[in-house]
Structures are given as structure tokens and as C-alpha cells.
Amino acid sequence: MELIEAIESRLSARAFLPTPVPRATVERILELARLAPSGSNMQPWQVDVVTGAVRARLIERALAWAQEHPVGSNENPLRGDPGGFRQPYKQRRFDCGMRLYAALGIDRRDKVAREQQLLRNFHFFDAPVGLMFSIHRSLLPGQLGDLGIFMGHVMLAAREFGLHTCSQGFWQDVSPAVHEVLDIAPEYYVYNGMALGLIDAEHPANRLEMPREPVAGFARFLGFEEPGFEEPGFDAAGSG
Ligand SMILES: Cc1cc2nc3c(=O)[nH]c(=O)nc-3n(C[C@H](O)[C@H](O)[C@H](O)COP(=O)(O)O)c2cc1C
């Protein structure tokens, strides 16, 4: 698969087929992802890959933990304050949720239906494999970007094997259960989970359109006075 195709076909899948993903395939994805750059090559990523009984135990324990603790009780200074996000981020975040609920036919006032969709996170959206990404707390927040780049590599490498992913910051909210079931030492910070598997392409949750800002909305070009080189084979008008 071409890189452009991998980038353009990646999306956050929120419904997967139960088809198992072999361990060898996940290892090949991680073989590629480990080539990601990191500050001073510190490679500050730790990954736990779960499937089968361990995945089931993680889901069960996380659900139980969430029942025993009020929403938002797992304090996380690195997460940001959802209520306090400034514009335009607040609006984009709201829009993201609205698009998901609209695709699923969920009325935004229907709290029960919204919570049921949130519960899908616990189940990795039925993906057979879950990945849990953590980082040593001594490297926070400086190297968190490295971990994000690594995760981006995982997402794109997965496309090469016909697989899809969904990053899940959600798992931070139930991280005590993750530490417990996966035996992750307290000095490691559980940053994100990720669902991995074959996409259920027919599912409405996978038919969202998540818009992006045009380049001019976030990039400034400074000092480009001379014409640059012509990139071979790149269609500047876009590839599709
Ligand atoms: C770090 C990170 C955490 C995310 N956490 C969640 C999550 O917990 N649950 C979820 O359904 N989607 C999650 N997403 C998916 C985003 O909502 C999604 O990337 C965004 O809406 C853009 O859509 P796209 O990935 O389909 O292009 C997360 C994405 C990233 C990069």
C-alpha cells in the first residue's frame, strides 16, 4: 500500500469484525512502528498487546472499576479540562461527538444512548486486539509527543496489513484497572489504548466524515521566495 493511500484510508474505526488478528501480524506492525523517531532516540514507548482471555479480563475489570468510581474521579492532570477547552477546540470536540451520534441515530439529549456508545470503548469496539500504550512518568510531559508519533506509526502500519485502529484516550479514565490487570508498574503512565482489527465496513459508526481544517487554517509559510524542486510523481492537486 502506498503511504498516501494508507494515510487517506486510516480512520478511527468504532465497529470491528470478530476475526482474530495473529500475533505475528501485530509483531510486524510493531516492528515497523519501532522505527518511529523520538527525542534523542529514547524510544519511550511501552506496549501491552491483549487478546483472548486477558482482553476479556481487562474489559471485565475496567467495567467493574467504572461502576465503583464516579465518572471523572481518576484524576489526570495531563488530560486537559474538557469543560474548559477553548475555541476552536471546544467546538470541534462537540462537533466530533455530534457527528458520531448523528451517524448512529442517537439523539444528543438521549443520555442513556450516549453512555451506551461510550461503553463500546470498554470493548475495544469489539476489536479482537487491544493495545495499551504507556510511558515512564519521569519522561512526562516532554516525551509524550514521541509516544504520539509512535502510535501514529502503528495506525498507518496497520493499514498495510488491511487492519484498522481506533486510538482510545478513554482508557486513561479507568487506568487503575489497566495497571491492575496488565500488571503495569505505578511509575508508568497509561496514555492511550488502541483497538486493532478488521473493520466492519457496513457499520454506521464507520461511516463518519470527520472534517479537517485546510492547510491555510493552521500553517504559515514564511520565506518561500524561490521556486522549489518539483516533486517527482506527486499530484499537487491532491490524490483523490
Ligand atoms: C490520542 C487520541 C485519543 C482518542 N481517543 C478516543 C476515544 O477514547 N474514543 C473514541 O471513540 N475515539 C477516540 N479518538 C479518535 C478521534 O475522535 C478521531 O481521531 C478524530 O475524531 C478524527 O477522526 P478520524 O480518526 O476518523 O480521522 C482518539 C484519537 C486520538 C488521536
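Position 50 of the sequence shown, counted from 1, bears residue number 621 in the working numbering, the numbering being contiguous throughout.
Where a beta carbon is used, it is the ideal one built from N, C-alpha and C, also for glycine.
As the structure is a prediction and not an experimental result, all values here were calculated from the model.
**Asked** Are R691 and L779 close, meaning C-beta to C-beta below 8 Å?
**Response** In this structure, L779 does not lie closer than 8 Å to R691 by Cβ.
**Prompt:** Between which two residues does the beta strand (DSSP E) carrying F695 extend?
**Reply:** Counting along the chain, F695 sits inside no beta strand (DSSP E), nor does DSSP assign it H or E at all.
**Prompt:** Within the structure, which residues are defined as neighbours of ligand 1 by a Cβ-heavy atom distance below 6 Å, reported in chain order?
**Reply:** Qualifying residues, in the order they occur: L582, S583, R585, C667, N692, C737, S738, Q739, G740, F741, N763 and M781.
**Request:** Taking S705 as the reference, give the member of C737, N763, D744 and T590 with the closest Cα.
**Result:** Minimum Cα distance to S705 is reached at N763.
**Message:** Applying the 10 Å Cβ sphere with the 16-neighbour rule, what's the burial state of N777?
**Reply:** With 16 or more Cβ atoms within 10 Å of its Cβ, N777 is classed as buried.
**Asked** Out of curiosity, what's the CA-to-CA distance linking M765 and E796?
**Response** Going by the C-alpha atoms only, they are around 43 Å apart.
**Prompt:** Rounded to a whole number of angstroms, what is the C-alpha to C-alpha distance between V761 and L574?
**Reply:** Taking the straight line from one Cα to the other gives about 29 Å.
**Asked** How about G740 and V621: are their beta carbons less than 8 Å apart?
**Response** Not a contact, by the Cβ cut-off of 8 Å.
**Message:** Are the CB atoms of A577 and R783 within a distance shorter than 8 Å?
**Reply:** Taking 8 Å as the Cβ cut-off, R783 and A577 do not qualify as a contacting pair.
**Request:** If I'm right that W742 touches V749 with Cβ under 8 Å, what's the distance once you round it to whole angstroms?
**Result:** Between W742 and V749, the beta carbon gap of about 6 Å places them in contact (Cβ cut-off 8 Å).
**Request:** Output yes or no for whether 8 Å exceeds the beta carbon distance between V592 and P699.
**Result:** In this structure, P699 lies closer than 8 Å to V592 by Cβ.
**Message:** Is it the case that the region 594-612 contacts the region 719-733, given that we only count it when at least three CB pairs across the two stretches are under 8 Å?
**Reply:** Cβ pair count under 8 Å is three or more, so yes.
**Prompt:** Hey, quick one: how far does the beta strand (DSSP E) through T622 stretch, first residue to last?
**Reply:** No beta strand (DSSP E) contains T622, which DSSP labels as neither H nor E.
**First through last residue of the alpha helix (DSSP H) which encompasses L671** = L671: member of the alpha helix (DSSP H) spanning Y660 to A674, first to last residue.
**Request:** Rank S583, D619 and M572 by C-alpha distance to the C-alpha of I755 and give the top, closest one.
**Result:** For the residues S583, D619 and M572, the minimum Cα distance to I755 belongs to D619.
**Prompt:** In whole angstroms, what is the alpha-carbon distance linking Y672 and A586?
**Reply:** When rounded, the separation of the alpha-carbon atoms in Y672 and A586 is 14 Å.
**Asked** Which partner residues does N645 have in the DSSP bridge list?
**Response** BP columns for N645 are empty, so no partner.
**Message:** Could you check whether D744 and N645 sit closer than 8 Å to each other, using their CB atoms as the reference points?
**Reply:** In this structure, D744 lies closer than 8 Å to N645 by Cβ.
**Asked** At which residues does the beta strand (DSSP E) containing G799 begin and terminate?
**Response** Segment: none, G799 is in no beta strand (DSSP E) and carries neither H nor E.
**Message:** Can you tell me where the alpha helix (DSSP H) holding H750 begins and where it ends?
**Reply:** Going by DSSP, H750 is part of the alpha helix (DSSP H) stretching over S746 to L753.
**Asked** With L582 and H735 assumed to form a contact (beta carbons below 8 Å), what rounded beta-carbon distance in angstroms separates them?
**Response** Rounded, the Cβ-Cβ distance is 7 Å, consistent with contact.
**Request:** Can you say whether F696 is buried or exposed, counting buried as having 16 or more other CB atoms within 10 angstroms of its CB?
**Result:** Classification of F696: buried, given that the 10 Å Cβ count is 16 or more.
**Message:** For the alpha helix (DSSP H) containing A766, name the first residue and the last one.
**Reply:** Counting along the chain, A766 falls outside any alpha helix (DSSP H), though it belongs to the beta strand (DSSP E) covering Y759 to G768.
**Residue nearest to G610 in terms of C-alpha spacing, selected from Q714, D652 and E639** = Among Q714, D652 and E639, the Cα nearest to that of G610 is on Q714.
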